[in-house]
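If you count by the numbering used here, then the sequence shown holds residues 11 to 99, one letter each, in order. Cβ coordinates follow ideal geometry from the N, Cα and C atoms, glycine included. The model shown is predicted, which means the values in this text are computed figures rather than measured ones. So the structure is just underneath, and the comments pick up after that.
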Amino acid sequence: KLPVRAYANRDGDATSIVVVRREHIEVDGRIILKPCMERPSDSSNSDFRIYYPGSSGGGCKILQTGQFRADINDVRTDASYLYEELVDD
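Encoded structure:
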């Protein structure tokens, strides 16, 4: 299975619609199942995050610090991001 990817554009006037659900994220109607990776569109920003489904306890792992935050379940809205499902081999 290939991972589903979606780009949430938050630059300029063409802003994407992003909806966060317990088990997935919707970006402009495209469903990205959790766990999923959030990567900044700015290649110089290495603040990647993994969001976990509510059925696994939810939360977010901030890869830059290795910190797990059970209180973060919503994606960031301050810039454009690429979302990608994490799939098993």
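Unbroken beta strand (DSSP E) run spanning residue i, endpoints
{"i": "Ala16", "result": "15 to 18"}
{"i": "Val36", "result": "The displayed chain sequence assigns Glu, not Val, to residue 36. Element bounds for Glu36: 34 to 37."}
{"i": "Pro50", "result": "46 to 50"}
{"i": "Val29", "result": "28 to 30"}
{"i": "Gln77", "result": "77 to 79"}
{"i": "Leu12", "result": "Element bounds for Leu12: n/a, residue is neither H nor E."}
{"i": "Arg40", "result": "40 to 43"}
Environment of residue i [buried if 16+ CB atoms lie within 10 Å]
{"i": "Ala24", "result": "exposed"}
{"i": "Glu48", "result": "buried"}
{"i": "Lys44", "result": "buried"}
Contact belief for residue i with residue j at Cβ below 8 Å, rounded distance in angstroms
{"i": "Ile42", "j": "Ala80", "result": "Not confirmed; about 21 Å, so no contact."}
{"i": "Val8", "j": "Tyr62", "result": "No answer is possible for residue 8: the residues shown for the chain start at 11 and end at 99."}
{"i": "Ser26", "j": "Val14", "result": "About 15 Å; that fails the 8 Å criterion."}
Residue closest to residue i, alpha-carbon to alpha-carbon, out of the options
{"i": "Arg32", "options": "Tyr93, Asp88, Ser66, Phe78", "result": "Ser66"}
{"i": "Thr75", "options": "Ile82, Phe58, Gly68, Asn83", "result": "Phe58"}
{"i": "Val29", "options": "Glu95, Ser51, Thr87, Leu73", "result": "Thr87"}
{"i": "Asn19", "options": "Asp52, Ile72, Val97", "result": "Asp52"}
{"i": "Asn106", "options": "Leu73, Gly39, Gly69, Gly68", "result": "With the chain covering only 11 through 99, there is no way to say anything about residue 106."}
{"i": "Gly39", "options": "Tyr93, Gly22, Phe78", "result": "Tyr93"}
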